[in-house]
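K.L.:
A single structure is presented below for examination.
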Amino acid sequence: MADVTGPDPSVAAFAAAVATATPFLAGVRGLPTTAGPVELPRTLPEGPGPDVAAAVHHLARDLAPGIMPSPGPRYFGFVTGGTLPSALAAEVLVGAWDQNVALAAMSPALAEVESVTAEWVADLLGLPAGLSAGFVTGATMANWTALAAARHHLLTAAGWDLEADGMAGSPPITVVVGAERHSAIDLSLRYLGFGRSQLVVVPADDQGRMDAAALAHTMPTVAAPAIVCAQAGNVNSGSIDPMDTISDIARAAGAWLHVDAAVGAWLAASARLRPQLAGWERADSWALDAHKGLNTGYDSGIVLTAHPASHRAATQATAAYLPASADHRDGSAWTPEGSRRGRALGVYAVLRQLGRSGVADLVERQCDLAARFAEGLARIPGVTVANEVTANQVLVRFAGGDAVTHRVVALVQEGGVCWMGGTRWRDAACMRISVSNWMTTPADVDRAIDEVSRCWAEAHSR
Ligand SMILES: *Cc1c(COP(=O)(O)O)cnc(C)c1O
Numbered sequence: 007m008a009d010v011t012g013p014d015p016s017v018a019a020f021a022a023a024v025a026t027a028t029p030f031l032a033g034v035r036g037l038p039t040t041a042g043p044v045e046l047p048r049t050l051p052e053g054p055g056p057d058v059a060a061a062v063h064h065l066a067r068d069l070a071p072g073i074m075p076s077p078g079p080r081y082f083g084f085v086t087g088g089t090l091p092s093a094l095a096a097e098v099l100v101g102a103w104d105q106n107v108a109l110a111a112m113s114p115a116l117a118e119v120e121s122v123t124a125e126w127v128a129d130l131l132g133l134p135a136g137l138s139a140g141f142v143t144g145a146t147m148a149n150w151t152a153l154a155a156a157r158h159h160l161l162t163a164a165g166w167d168l169e170a171d172g173m174a175g176s177p178p179i180t181v182v183v184g185a186e187r188h189s190a191i192d193l194s195l196r197y198l199g200f201g202r203s204q205l206v207v208v209p210a211d212d213q214g215r216m217d218a219a220a221l222a223h224t225m226p227t228v229a230a231p232a233i234v235c236a237q238a239g240n241v242n243s244g245s246i247d248p249m250d251t252i253s254d255i256a257r258a259a260g261a262w263l264h265v266d267a268a269v270g271a272w273l274a275a276s277a278r279l280r281p282q283l284a285g286w287e288r289a290d291s292w293a294l295d296a297h298k299g300l301n302t303g304y305d306s307g308i309v310l311t312a313h314p315a316s317h318r319a320a321t322q323a324t325a326a327y328l329p330a331s332a333d334h335r336d337g338s339a340w341t342p343e344g345s346r347r348g349r350a351l352g353v354y355a356v357l358r359q360l361g362r363s364g365v366a367d368l369v370e371r372q373c374d375l376a377a378r379f380a381e382g383l384a385r386i387p388g389v390t391v392a393n394e395v396t397a398n399q400v401l402v403r404f405a406g407g408d409a410v411t412h413r414v415v416a417l418v419q420e421g422g423v424c425w426m427g428g429t430r431w432r433d434a435a436c437m438r439i440s441v442s443n444w445m446t447t448p449a450d451v452d453r454a455i456d457e458v459s460r461c462w463a464e465a466h467s468r
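In our numbering, each number is its position in the sequence shown, counted from 1, plus 6.
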């Protein structure tokens with residue numbers, strides 16, 4: 007029997023979690039950007055602990071040294087994004103409400119959230135109305151879902167019943183990709199039965215953009231049916247493929263055009279930045295990542311397609327106990343997943359809180375601060391900005407070669423003032439800076455520039 011006289015244990019655990027998380031959130035702007043290893047007890051408890059609230063505090067205490075303050079304003083690693091206050095609140099509600107968003111029958115509220123969010127995202131980004139949408143874990147699964155829809159669509163048009171007869175013996179599909187595509191494209195294609203050596207690779211220019219002239223040259227030589235995978239937002243440089251020309255070429259060839267827009271999509275929310283993506287609205291499918299520029303929590307990928315029937319055919323399961331609801335949204339039908347959390351709520355909450363202009367300000371600020379980084383760093387003798395900074399990404403090289411650059415990156419990471427990762431770009435080691443957090447201010451960027459300058463001085467004085 008539950009103890010009806012004491013506090014509800016769920017409420018007590020919830021309060022303990024909030025009490026534990028509050029000082030972290032309140033202090034995250036000042037925490038050193040470092041994390042170390044943690045060691046948890048290795049012995050499985052033999053039975054229940056006495057007090058769930060105490061257990062929450064113990065858990066947080068044990069894990070604290072290994073929690074990277076990546077939600078803070080001077081974490082510039084990877085393309086992590088932060089979590090906006092509205093998105094964080096949504097995460098908490100998703101946990102408390104514990105809705106299964108597989109079927110509308112399980113959560114009418116979250117089904118409606120998914121419907122509205124899908125429409126708002128397309129509207130915000132200048133994409134057509136009437137797209138199909140799936141809310142998936144991240145851009146990897148968004149790419150996978152879009153490419154699964156493409157595969158179904160093209161094979162059906164070729165008279166092949168993929169669901170009945172599988173891939174073996176099916177008409178071949180040519181997949182055309184850019185040389186600077188994200189590894190998630192290769193991974194998604196691999197899951198779908200397309201191997202690396204089967205890809206037609208179009209060269210990229212010095213900013214990592216697909217060379218449209220080379221694509222125009224290639225398309226007439228490849229066998230139909232074909233999928234073209236373009237990219238809006240290179241994960242290193244932030245550069246966006248020339249979407250207008252690529253759309254024309256793909257359309258003329260009768261190919262399915264997919265856009266991996268995990269990094270660049272949110273630029274389209276800004277009237278100032280949207281021209282960089284002009285023409286992307288004519289694609290057949292798009293993969294977005296809300297946890298990046300839009301600053302929702304993980305996991306929050308979104309797939310959109312202009313071919314709802316093919317999308318649904320690729321991912322919908324059927325079973326006797328699954329109701330067929332034509333007039334409601336069954337979220338699972340649009341993803342490879344079954345039971346799912348209400349991850350669209352974070353996106354909905356952000357869009358409802360910020361509105362069109364608020365999202366535009368958010369992404370413009372990220373790009374403006376990246377430009378400030380680039381200007382500040384370029385003024386330091388021996389420091390070279392290695393990319394055209396057109397979005398939120400900055401790549402930096404240090405005089406003296408790869409070893410020196412590695413050393414500067416390591417010193418910055420040890421210093422705890424800010425955190426930047428390393429990468430390789432155009433055959434040289436670079437420091438990679440991603441400005442993707444709503445919390446970051448000009449003062450944070452200036453402080454980070456000073457810290458990079460200090461580490462650079464230390465690295466080359468040795
Ligand atoms: C981040 C990213 C992905 C993968 O996204 P996940 O959310 O990690 O699955 C795919 N493509 C590009 C261009 C990305 O930047």
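All C-beta atoms, glycine included, are put in the ideal place defined by N, C-alpha and C.
(1) Taking its Cβ as the centre, do 16 or more other Cβ atoms sit within 10 Å of residue 225, making it buried, or is it exposed?
(2) Under 7 angstroms: does the beta carbon of residue 68 sit that close to some heavy atom of ligand 1?
(3) Would you call residue 8 buried or exposed, if buried means 16 or more other Cβ atoms sit within 10 Å of its Cβ?
(4) Is residue 437 near residue 411, with beta carbons less than 8 angstroms apart?
(5) Nearest CA to the CA of residue 186: which residue from 217, 255, 314, 319?
(6) Within the present structure, is the beta-carbon of residue 307 separated from the nearest heavy atom of ligand 1 by less than 7 angstroms?
(7) So what's residue 213 in DSSP terms, helix, strand or just coil?
(8) Counting pairs of Cβ atoms below 8 angstroms between the stretch 161-179 and the stretch 244-259, do you hit three or more?
(9) Are there 16 or more other CB atoms within 10 angstroms of the CB of residue 15, so buried, or fewer, so exposed?
(10) Is residue 336 near ligand 1, with its Cβ less than 7 angstroms from a heavy atom?
(11) If I follow the unbroken beta strand (DSSP E) through residue 293, where does it start and stop?
(12) Helix or strand or just coil, what does DSSP make of residue 453?
(13) Let me know the secondary structure DSSP gives residue 7 once reduced to three states.
(14) Got a sec? Which residues, its chain only, sit under 7 angstroms from residue 37 by beta carbon, not counting five neighbours each side?
(15) Pick helix, strand or coil for residue 399, following the three-state DSSP scheme.
(16) Please list the terminal residues of the continuous alpha helix (DSSP H) segment that includes residue 225.
(17) Using the beta-carbon count (16 or more within 10 Å), is residue 229 buried or exposed?
(18) Does DSSP put residue 437 in a helix, in a strand, or in coil?
(19) By DSSP, does residue 158 sit in helix, in strand, or in coil?
(20) Is there at least one non-hydrogen atom of ligand 1 closer than 7 angstroms to the beta-carbon of residue 149?
(21) Under 8 angstroms: do the stretch 89-102 and the stretch 311-322 share three or more Cβ pairs, one atom per stretch?
(22) As an exercise, report each continuous beta strand (DSSP E) stretch of at least 3 residues that is fully enclosed by the stretch 83-156, in chain order.
(23) When DSSP builds the beta bridges, which residues end up paired with residue 36?
(24) Output the distance between the C-alpha atoms of residue 400 and residue 418, rounded to the nearest integer angstrom.
(25) With a floor of 4 residues, list each alpha helix (DSSP H) that falls wholly inside the stretch 317-370, ordered by position along the chain.
(26) How is the beta strand (DSSP E) around residue 236 delimited, first residue to last?
(27) By how many angstroms is the C-alpha of residue 115 removed from the C-alpha of residue 394?
(28) Where do the ends of the beta strand (DSSP E) carrying residue 430 lie?
(29) Taking its Cβ as the centre, do 16 or more other Cβ atoms sit within 10 Å of residue 143, making it buried, or is it exposed?
(30) Return the CA-CA distance between residue 212 and residue 184, expressed in angstroms with no decimal places.
(31) DSSP state of residue 446, grouped into three classes?
(32) Determine the extent of the beta strand (DSSP E) in which residue 421 is found, giving its start and end residues.
(33) Tell whether a beta-carbon distance below 8 angstroms holds between residue 509 and residue 22.
(34) Please determine if the stretch 281-301 and the stretch 384-392 are in contact, where contact requires at least 3 C-beta pairs separated by less than 8 angstroms.
P.N.:
On the basis of the supplied data:
(1) buried
(2) no
(3) Reliability of the predicted coordinates at residue 8 is poor, the pLDDT of 49 falling under 50, and the value obtained from them is presented with this limitation in mind. Counting Cβ neighbours within 10 Å, residue 8 comes out exposed, since fewer than 16 surround it.
(4) yes
(5) 217
(6) yes
(7) coil
(8) no
(9) exposed
(10) no
(11) 291-295
(12) helix
(13) Model confidence at residue 7 stands at a pLDDT of 46, short of 50, so the residue's coordinates are unreliable and nothing is read from them.
(14) 75, 78
(15) strand
(16) No alpha helix (DSSP H) holds residue 225; DSSP gives it neither H nor E.
(17) exposed
(18) strand
(19) helix
(20) yes
(21) no
(22) 138-142
(23) Residue 36 is not bridged to any residue.
(24) 15 angstroms
(25) none
(26) 232-237
(27) 44 angstroms
(28) 427-431
(29) buried
(30) 13 angstroms
(31) coil
(32) Not the beta strand (DSSP E): residue 421 falls in the alpha helix (DSSP H), residues 408-421.
(33) No information on residue 509 is available, as it lies outside the stretch 7 to 468 that the chain covers here.
(34) no
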